[in-house]
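To keep things clear, I will list the structure first and then write my remarks on it.
Numbering (our numbering), first residue to last: 910 to 1024.
In structure tokens form, the structure reads like this:
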């Protein structure tokens, strides 16, 4: 029996490793500090994206505002659970001092040994 491309059995799907995806939103002036925190906590890689617009406790913001909002960056990192816990613990102090948020959730990955 031929299988459709991309189709996997339940057993094959269960074989994918689970890691933690960390997502942080931070104002640009504090980005370097946050990246240093990630590295010190053991994260081996991350991606930084430009924040375009959003809404939070301070109200709405847009990247192209001439007056008002500070530019935001979105940082994404995939780590193992132990490193994620170290990052989140360190981030508690960071985000008590600087504006922004960080959260984590489980993700399935391919090539789990890379994280």
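Just so you know, even glycine gets a beta-carbon here, dropped at the ideal spot from N, CA and C.
The structure presented is a predicted model; accordingly, all values stated were derived computationally and were not measured.
Terminal residues of the alpha helix (DSSP H) in which residue i lies
{"i": "residue 998", "result": "990-1006"}
{"i": "residue 941", "result": "940-950"}
Residue interval of the beta strand (DSSP E) (run including residue i)
{"i": "residue 971", "result": "968-971"}
{"i": "residue 933", "result": "927-936"}
{"i": "residue 964", "result": "962-965"}
Residue i versus residue j: straight-line alpha-carbon distance, rounded
{"i": "residue 989", "j": "residue 1003", "result": "21 Å"}
{"i": "residue 973", "j": "residue 961", "result": "8 Å"}
{"i": "residue 1009", "j": "residue 1020", "result": "31 Å"}
Residue i classed as buried or exposed, judged by whether at least 16 other C-beta atoms fall within 10 angstroms
{"i": "residue 958", "result": "exposed"}
{"i": "residue 942", "result": "exposed"}
{"i": "residue 1015", "result": "exposed"}
{"i": "residue 992", "result": "buried"}
Same chain only: Cβ atoms within 6 Å of residue i, ignoring 5 sequence neighbours per side
{"i": "residue 979", "result": "936"}
{"i": "residue 977", "result": "Unreliable positioning characterises residue 977 in this predicted model, as indicated by a pLDDT of 46, which lies under 50. The coordinate reading is nonetheless provided below. Excluding sequence neighbours, residue 977 sits near nothing in its chain."}
{"i": "residue 964", "result": "none"}
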